[in-house]
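Asker:
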Amino acid sequence: MTGPILETRGLSAGYGKKKAVQGIDLRLAHGETLLVLGHNGAGKTTLMRAIFGLLKPMSGEVFYDGHAITGRIPARNVAEGIAFVPQGHGIFPSLTVRDNLELGGFVDADTAKKKKRIEEIYGMFPILRDRAGQIAGTFSGGQKQMLAIGMALMHGPRVLILDEPSIGLAPNLVGRVMESIAEIKARFDASVIVVEQNIKYSLPIADRVMVLKTGGVIYEGDPAPLNDHARLVELF
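So for the sequence shown, UniProt numbering puts the first residue at 1; every next one is plus one.
#1: Should Tyr64 go down as buried or exposed, given a rule of 16 or more other Cβ atoms within 10 Å for buried?
#2: With distance defined between alpha-carbon atoms, name the residue in Val21, Ser191 and Val85 nearest to Lys213.
#3: Report the partner residues of Arg208 according to the DSSP bridge assignment.
#4: How would you label Asn100, buried or exposed, when you count the other beta carbons within 10 angstroms and need 16 or more for buried?
#5: Please determine, among Leu160, Ile127 and Ser180, the residue with the shortest C-alpha to C-alpha distance to Leu6.
#6: Taking the alpha-carbon of Gly23 as reference, which of Arg9, Pro74 and Arg158 has the nearest alpha-carbon?
#7: Mind the definition here: the region 50-59 touches the region 165-185 only if three or more C-beta pairs lie below 8 Å; say whether that holds.
#8: Return the residue from the list Ile118, Thr138, Arg72 and Pro74 that minimises the CA-CA distance to Ile149.
#9: Can you name, in chain order, every residue of its own chain whose Cβ lies under 7 Å from the Cβ of Pro4, other than the five neighbours on each side?
#10: Quick check: Ala206 and Leu35, are their CB atoms within less than 7 Å of each other?
#11: Using the beta-carbon count (16 or more within 10 Å), is Asp110 buried or exposed?
#12: Quick one: what does DSSP say Leu11 is sitting in, helix, strand or coil?
#13: Please classify Glu196 as buried or exposed, where buried requires at least 16 neighbouring CB atoms within 10 angstroms.
#14: What are the uninterrupted segments assigned as alpha helix (DSSP H) that are 4 or more residues long and contained completely in the region 130-213, given in chain order?
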């Protein structure tokens with residue numbers, strides 16, 4: 001039996017002396033979409049930053065494909081197949097859509113492969129093709145989110161971490177972004193962690209759910225029980 005592609009064991013992280021998450025055991029299976037739910041302040045973003053290397057863990061370990069990567073710099077994680085799309089998109093607003101995508105693939109020197117990947121991203125987000133020459137800063141919030149996801153996919157990640165991709169988006173665009181996450185597994189063969197507060201739109205795309213509250217895990221398992229309103233009230 002193969003192990004998880006990404007795993008944390010007893011991971012604690014925070015800011016200064018204050019722990020925002022404590023003793024987290026997270027497992028992401030190959031080809032899985034893991035949904036991490038929780039209100040503001042639950043520790044979701046802190047956990048993802050510690051996994052990706054943007055924040056040094058206070059204790060515990062992070063493993064990628066069976067190898068310890070605790071505290072490893074983000075650039076190396078990117079080069080080895082982990083992508084992180086933060087809140088607020090992380091695009092280059094003064095550059096065109098095409099230039100943003102090209103920069104997203106900076107770790108790959110294979111020009112033909114980058115060109116093929118851009119076409120794959122255009123296939124998933126046709127509006128990016130239609131507006132390839134447009135300055136990215138003029139895009140709407142939903143379009144920027146699509147571009148940010150496209151940039152993250154440019155280097156062919158095996159693990160994609162999306163931190164609240166629905167934040168600030170109109171409901172129709174939230175639905176489209178969530179649909180695109182479901183497409184990523186099929187098109188790019190990536191395992192995905194989606195950090196969200198928007199339960200309505202994110203729950204249907206999840207294979208498994210982890211719920212955080214005040215820095216700890218209060219539920220982990222099948223998404224189905226969370227369709228029950230009473231269960232959600234109990235958890236949140």
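All C-beta atoms in this analysis are idealised placements derived from N, C-alpha and C, irrespective of residue type, glycine included.
Answerer: Judging by the given coordinates:
#1: Its Cβ being crowded by 16 or more others within 10 Å, Tyr64 is buried.
#2: Val21
#3: Leu34
#4: buried
#5: Leu160
#6: Arg9
#7: no
#8: Ile118
#9: Excluding residues within five positions, the ones whose Cβ falls inside 7 Å are Arg27, Leu28 and Ala29.
#10: yes
#11: exposed
#12: Leu11 carries a strand assignment under DSSP once its states are collapsed to helix, strand and coil.
#13: buried
#14: 141-153, 171-188 and 199-202
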